[in-house]
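The structure appears right after this line, and notes come after that.
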Amino acid sequence: MSQGDLITTIQEELQSLNRTIDYKIIKGFSYKDDAKRHHFLTRQLATLTQAYQQPTWFSRASKMAATFIF
1494 MSQGDLITTI
1504 QEELQSLNRT
1514 IDYKIIKGFS
1524 YKDDAKRHHF
1534 LTRQLATLTQ
1544 AYQQPTWFSR
1554 ASKMAATFIF
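Count the sequence shown with our numbering and you get residues 1494 to 1563, in order.
Below is the structure:
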C-alpha cells in the first residue's frame, strides 16, 4: 500500500469514526475507546502528511549546499 493510499484509508476511517462518535454523543453512550482510536489516527495522519508533503525550496537548497560543504 502506498503512502497516498494509506492517507486516504486513514481519512475514510476517521470520517466513519466521527459519525460513530457523534451518534454515541447524541444517544448518551460512552465513546472513550472511540476517542482513543480517533486520537491515534489523527496523530498517524499528521505524521504521514508531514512526510508526504513536497519539500520546500529552502529545504532542497540547503540539502544541495550541504552536499558541497561536507
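Note that the Cβ used here is the ideal one computed from N, Cα and C, for glycine as well.
Since we're looking at a predicted model, the values are computed, not measured.
CB of residue i within 8 Å of CB of residue j, strictly
i: residue 1534; j: residue 1499; result: no
i: residue 1513; j: residue 1527; result: yes
Own chain residues within Cβ distance below 7 Å of residue i, not counting five before or after
i: residue 1530; result: 1510
i: residue 1518; result: 1524
Residue i to residue j span [Cα, whole Å]
i: residue 1523; j: residue 1497; result: 33 Å
i: residue 1561; j: residue 1494; result: 36 Å
i: residue 1554; j: residue 1536; result: 29 Å
i: residue 1538; j: residue 1558; result: 31 Å
i: residue 1550; j: residue 1556; result: 10 Å
Close Cβ partners of residue i (< 6 Å) along its chain, the five nearest in sequence each way excluded
i: residue 1516; result: none
Sequence-distant residues of its chain with Cβ nearer than 8 Å to residue i (five each side left out)
i: residue 1502; result: 1494
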